[in-house]
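*Asks:* I'd like to ask some things about the structure below.
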Amino acid sequence: MSKAKRSRGLDEEDLKKLPELAKIARGAILKMTTLAGSGHPGGSMSSIDIYLTLLFFAKIDPSNPYWEDRDRIVISHGHTSPAVYSALALRGFFSIEDVIASFRHHYSIFEGHVERHVPGVEWSTGNLGQGLSAGVGFALAAKLLKRDFHVFVAMSDAEQAKGQVSESRRFARKYNLSNITVIIDYNDRQISGKASEVMPVNIRGNYLADGWRVIETDGHDFNALSNALKEAVEDDEPTSIIAKTIMGKGVSFMEGKEKYHGAPLKLDEYKKAMEELNMVDDLEKYRARRSELKPMNINELPKPKLRINPGTPRTYGIDAKVDNRTAAGNALVDIAEASQGEGYSPIAVFDCDLAESVRTLDFWKKFPNNFFEAGVQEHSTVTIAGALSTNDVLTFLFDFGVFGVDEVFNQQRLNDINHTNLKLVVTHCGLNVGEDGKTHHCIDYVGVLRNLYGFKIIVPADPNQTDRAMRYISQNFGNYAIAVGRAVNPVIKNLNGKPFFGENYVFKYGKADVLREGKDAAIITMGSLAYKAVKAHEMLKEKGYEVMVVNVSCPIDLDAEVIEKAVRTGFVVSYEDHNLNTGLGCSLAIFIAERGLKVKFKRIGITNYSPSGPFEELYKLFQLDEASLVETVMQGIKEKS
Numbered sequence: 000m001s002k003a004k005r006s007r008g009l010d011e012e013d014l015k016k017l018p019e020l021a022k023i024a025r026g027a028i029l030k031m032t033t034l035a036g037s038g039h040p041g042g043s044m045s046s047i048d049i050y051l052t053l054l055f056f057a058k059i060d061p062s063n064p065y066w067e068d069r070d071r072i073v074i075s076h077g078h079t080s081p082a083v084y085s086a087l088a089l090r091g092f093f094s095i096e097d098v099i100a101s102f103r104h105h106y107s108i109f110e111g112h113v114e115r116h117v118p119g120v121e122w123s124t125g126n127l128g129q130g131l132s133a134g135v136g137f138a139l140a141a142k143l144l145k146r147d148f149h150v151f152v153a154m155s156d157a158e159q160a161k162g163q164v165s166e167s168r169r170f171a172r173k174y175n176l177s178n179i180t181v182i183i184d185y186n187d188r189q190i191s192g193k194a195s196e197v198m199p200v201n202i203r204g205n206y207l208a209d210g211w212r213v214i215e216t217d218g219h220d221f222n223a224l225s226n227a228l229k230e231a232v233e234d235d236e237p238t239s240i241i242a243k244t245i246m247g248k249g250v251s252f253m254e255g256k257e258k259y260h261g262a263p264l265k266l267d268e269y270k271k272a273m274e275e276l277n278m279v280d281d282l283e284k285y286r287a288r289r290s291e292l293k294p295m296n297i298n299e300l301p302k303p304k305l306r307i308n309p310g311t312p313r314t315y316g317i318d319a320k321v322d323n324r325t326a327a328g329n330a331l332v333d334i335a336e337a338s339q340g341e342g343y344s345p346i347a348v349f350d351c352d353l354a355e356s357v358r359t360l361d362f363w364k365k366f367p368n369n370f371f372e373a374g375v376q377e378h379s380t381v382t383i384a385g386a387l388s389t390n391d392v393l394t395f396l397f398d399f400g401v402f403g404v405d406e407v408f409n410q411q412r413l414n415d416i417n418h419t420n421l422k423l424v425v426t427h428c429g430l431n432v433g434e435d436g437k438t439h440h441c442i443d444y445v446g447v448l449r450n451l452y453g454f455k456i457i458v459p460a461d462p463n464q465t466d467r468a469m470r471y472i473s474q475n476f477g478n479y480a481i482a483v484g485r486a487v488n489p490v491i492k493n494l495n496g497k498p499f500f501g502e503n504y505v506f507k508y509g510k511a512d513v514l515r516e517g518k519d520a521a522i523i524t525m526g527s528l529a530y531k532a533v534k535a536h537e538m539l540k541e542k543g544y545e546v547m548v549v550n551v552s553c554p555i556d557l558d559a560e561v562i563e564k565a566v567r568t569g570f571v572v573s574y575e576d577h578n579l580n581t582g583l584g585c586s587l588a589i590f591i592a593e594r595g596l597k598v599k600f601k602r603i604g605i606t607n608y609s610p611s612g613p614f615e616e617l618y619k620l621f622q623l624d625e626a627s628l629v630e631t632v633m634q635g636i637k638e639k640s
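Below is the structure:
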């Protein structure tokens, strides 16, 4: 059968050559980990037969690794990268010699844990328990896009103890994702000893309890593995294959020994293993190649092909009583309605039992087949949504800030690493959550998300800016987080009494808005406090001061021209209901310091966790009310002069 296999299944020719390929792969695993002086040979040796079977069974094309209709193979236990890279090389994706020579080298694409930029690798993993969620996202993509590809998720036995795995199983069963198959390397070994003793898990029972079918087989028998995969693909339910294996399989002194989980062989052990495998010891050849390595080219990952109509922006009048979360939900429905019909991309919206609170209820009612209710399962949902977003599906996740950012930072970090295209809308941010109290006041989302290199943050000032920001992110690639509070924000007016973000306003990421001009000082604010800053401007005007008000909707990507204009007033106040140490004030401090700007600067924000209470009282508690802001600005103006 040709390398560019376009049908599923193993033929007799494949089955005959797999044992020899497995021996070559085991040699490669030991060579690359010994040469690198690090890596995970033990689990790689137990998983390699599974990987080879999968790669020759699946519908894939090494000459076209991003073929749209390919089967997806997700490796959840990414530390078995030596086996993954060896199997991919033997399947024709790249040279096995390149892998051996460059594994874990700083110039190499073949990193210590599997990375999506390696052809044939669908998802970057490493921290265990993530792969099934990603696989579920891919399986959902096939359903929404009406494509006939199957998703295979290879996993370790130890990670079955993770709660996120259970969450993903339940989601797959609820939405009848019969196009997903899990295959578990059950070698009963992990770092600390026997997996069955470190943390006993009824793997078979758990999958059955969550409505999956379970097949048990020998993970080192290619024919048995092939039959199990065929059975799993042809049934009409999500299926788990428990493949019993031996850690270190193929080298007698490694077999069943957890010490080889994450430790390369010593040189004498390596030589002994090569003899046992009847492999040529050519380590010095690869050592010489390694010493002359040059940086490898990293292929650009394909971006989703999306055709979305953003619809016509809504303009809320100056007397409108609409909170930003409702404006976001309304815009979502508008975008979906405008994007119906032939040629438009599907839209998916994820919720975690908060549809009414985050204002996705209308979307759910109008587009029930595109709304995915995951229940209280944020960890898996974030990864499922992230993986789905790498396909041709516009993907939104609506959640509370403390759940969609704080609780799932690890999952969002993995989305960032995987260059996803997730549109995250987090509500209940800042202090205007009020009576819910400190566990639900998300006052740190800017600080958390600024740690991620690929996430863009938008904090709109009112429902009109929220509406336009939603439409903007539907048209632009990348991970975007729109953060809004719960309370109604008054519509920001211009000097003519019209909506500032009205008919002629176009949202542009990174562009700050001068809400009011002034020469004596500048208040730089964001989100829920913008209208208070405008009120303070009016109060200060009555006292004879002209104070600029700048709305920064993108707090980690500042508008240099506008901020420098504000600095020229001589006194700048950052004003936010966010953690004082990590929010807008932090961004401004860095901006000022790095440019060596001379200006008096004062930060106002949240200095500790807040108690419950009406949000206006909480603002007073932290001196965020208008009167306190006016006093701070007046004092600063006096001091600068």
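Counting in numbering that gives the first Met the number 0, the final residue of the sequence shown is number 640, and the numbers go up one at a time with none missing.
Cβ atoms here follow ideal geometry from the backbone N, Cα and C, with glycine treated the same way.
Small disclaimer: the values here were computed from a predicted structure and weren't measured.
1. Which one of Asp13, Gly26, Ile49, Phe614 has the shortest CA to CA distance from Glu249?
2. Within this structure, are the beta carbons of Ser167 and Asp235 separated by less than 7 Å?
3. Could you tell me which uninterrupted beta strand (DSSP E) segments, each at least 3 residues in length, are contained entirely in the segment 347–401, listed from first to last along the chain?
4. Near Gly433, what residues of its chain come up, given a Cβ to Cβ distance below 8 Å and the 5 sequence neighbours on each side ignored?
5. Can you check the segment 530–613 for any beta strand (DSSP E) of at least 3 residues that lies completely inside it and give the ranges in chain order?
6. Measure the Cβ-Cβ separation of Leu396 and Asn478 and say whether it is below 7 Å.
7. In this structure, does DSSP put Lys2 in helix, strand or coil?
8. Return the CA-CA distance between Tyr185 and Gly134, expressed in angstroms with no decimal places.
9. Tell me the rounded alpha-carbon separation between Lys564 and Ile523.
10. State the start and end residues of the unbroken alpha helix (DSSP H) segment that holds Val432.
11. Please identify the residue among Lys601, Val533, Phe170, Phe252 whose C-alpha is closest to the C-alpha of Thr380.
12. Would a C-beta distance cut-off of 7 Å place Gly635 and Phe570 closer than the cut-off?
13. Taking C-alpha atoms, which residue in Ser101, Glu230, Ser195, Leu51 lies nearest to Ala153?
14. From Arg71 to Ile28, what distance separates their C-alpha atoms?
15. Kindly list the residues whose CB is nearer than 6 Å to the CB of Gln376, restricted to its own chain and excluding five residues on each side of it in sequence; keep chain order.
16. Extract the residue ranges of the beta strand (DSSP E) inside the segment 464–529, only unbroken runs of 3 or more that lie entirely within it.
17. Have a look at Ile190 and Met295 and give me their C-alpha separation to the nearest angstrom.
18. Any idea if Leu413 is buried or exposed, counting beta-carbon neighbours within 10 angstroms, 16 or more meaning buried?
19. Cα separation between Leu224 and Thr216?
20. From Ile182 to Ser195, what distance separates their C-alpha atoms?
21. Identify the continuous beta strand (DSSP E) that holds Arg25 and give its terminal residues.
22. For Glu545, which of Thr568, Asp558, Glu560, Thr389 has the nearest alpha-carbon?
23. Please report how far the alpha carbon of Glu496 lies from the alpha carbon of Tyr315, in whole angstroms.
24. Quick check: Pro459 and Val321, are their CB atoms within less than 7 Å of each other?
25. Considering only residues of the segment 109–185, which uninterrupted beta strand (DSSP E) runs meet the minimum length of 3 residues and lie entirely inside it, listed in chain order?
26. I want to know whether the segment 31–47 touches the segment 257–268 - three or more CB-CB distances under 8 Å.
27. What residues are listed by DSSP as bridge partners for Thr238?
28. State yes or no: is the C-beta of Arg289 within less than 7 Å of the C-beta of Ala100?
29. Could you say which of Glu19, Ala35, Glu593 lies nearest to Ala287 if we only look at CA atoms?
*Replies:* Walking through what the data contain:
1. As a working note, residue 249 is residue 250 in the sequence shown. First, the residue type needs correcting, since residue 249 is Gly and not Glu in the sequence shown. Checking every option, the nearest Cα to that of Gly249 belongs to Gly26.
2. Here residue 167 refers to the residue found at position 168 when the sequence shown is read from its first residue. Here residue 235 refers to the residue found at position 236 when the sequence shown is read from its first residue. Not closer than 7 Å, so no.
3. 370–372, 393–399
4. The residue you call residue 433 lines up with position 434 of the sequence shown. So the qualifying residues of the chain are Arg485, Ala486, Ser611, Gly612, Pro613, Phe614, Leu617.
5. 546–550, 570–578, 599–605
6. For the purposes of this step, residue 396 is identified with residue 397 of the sequence shown, where counting begins at 1. For the purposes of this step, residue 478 is identified with residue 479 of the sequence shown, where counting begins at 1. No; because the gap between Cβ atoms is not below 7 Å, this pair is not in contact.
7. Position 3 of the sequence shown holds residue 2. Any reading at Lys2 is ruled out, since the residue's pLDDT is 48, under 50, leaving its predicted position unreliable.
8. Position 186 of the sequence shown, counting from 1, holds the residue named residue 185. Position 135 of the sequence shown, counting from 1, holds the residue named residue 134. Each residue's Cα considered, the two are about 19 Å apart.
9. The sequence position of residue 564 within the sequence shown is 565, counting from 1. The sequence position of residue 523 within the sequence shown is 524, counting from 1. Each residue's CA atom was taken as its position, placing Lys564 and Ile523 some 11 Å apart.
10. As a first step, residue 432 is located in the sequence shown; it is residue number 433 there, counting from the start. From DSSP, Val432 is part of no alpha helix (DSSP H); its letter is neither H nor E.
11. As a working note, residue 380 is residue 381 in the sequence shown. Residue Phe170 is the option with its Cα nearest to Thr380.
12. For the purposes of this step, residue 635 is identified with residue 636 of the sequence shown, where counting begins at 1. For the purposes of this step, residue 570 is identified with residue 571 of the sequence shown, where counting begins at 1. Yes. Within cutoff.
13. Against the sequence shown, residue 153 aligns to sequence position 154. Answer by Cα proximity: Leu51.
14. Along the sequence shown, read from residue 1 onward, the residue named residue 71 stands at position 72. Along the sequence shown, read from residue 1 onward, the residue named residue 28 stands at position 29. Each residue's alpha carbon lies about 23 Å from the other.
15. For the purposes of this step, residue 376 is taken as the residue at position 377 of the sequence shown. Glu166, listed in sequence order.
16. 478–482, 512–515, 520–524
17. Indexing the sequence shown from 1 puts residue 190 at position 191. Indexing the sequence shown from 1 puts residue 295 at position 296. Cα-Cα distance, rounded: 32 Å.
18. Taking the sequence shown and counting its residues from 1, the one referred to as residue 413 is at position 414. So Leu413 ends up on the buried side.
19. Taking the first residue of the sequence shown as position 1, residue 224 is located at position 225. Taking the first residue of the sequence shown as position 1, residue 216 is located at position 217. Looking at the two C-alpha atoms, the distance is approximately 7 Å.
20. On the sequence shown, residue 182 is found 183 positions in, with the first residue counted as 1. On the sequence shown, residue 195 is found 196 positions in, with the first residue counted as 1. Their backbone Cα atoms lie some 18 Å apart in a straight line.
21. Numbered from 1 along the sequence shown, position 26 holds the residue referred to as residue 25. Counting along the chain, Arg25 falls outside any beta strand (DSSP E), though it belongs to the alpha helix (DSSP H) covering 11–35.
22. Here residue 545 is taken as the residue at index 546 of the sequence shown, counted from 1. The residue with the shortest Cα to Cα distance from Glu545 is Thr568.
23. As a working mapping, residue 496 is identified with position 497 in the sequence shown. As a working mapping, residue 315 is identified with position 316 in the sequence shown. The sequence shown places Gly at residue 496, rather than the Glu named in the question. Between Gly496 and Tyr315, the C-alpha separation is close to 13 Å.
24. Your numbering for residue 459 matches position 460 in the sequence shown. Your numbering for residue 321 matches position 322 in the sequence shown. No. Outside cutoff.
25. 150–155, 179–185
26. Cβ pair count under 8 Å is three or more, so yes.
27. Numbered from 1 along the sequence shown, position 239 holds the residue referred to as residue 238. According to DSSP, Thr238 bridges with Thr180, Arg212.
28. Locating residue 289 in the sequence shown gives position 290, where the first residue counts as 1. Locating residue 100 in the sequence shown gives position 101, where the first residue counts as 1. Result yes, Cβ atoms of Arg289 and Ala100 sit closer than 7 Å.
29. Residue numbering aside, residue 287 sits at position 288 when the sequence shown is read from its first letter. Residue Ala35 is the option with its Cα nearest to Ala287.
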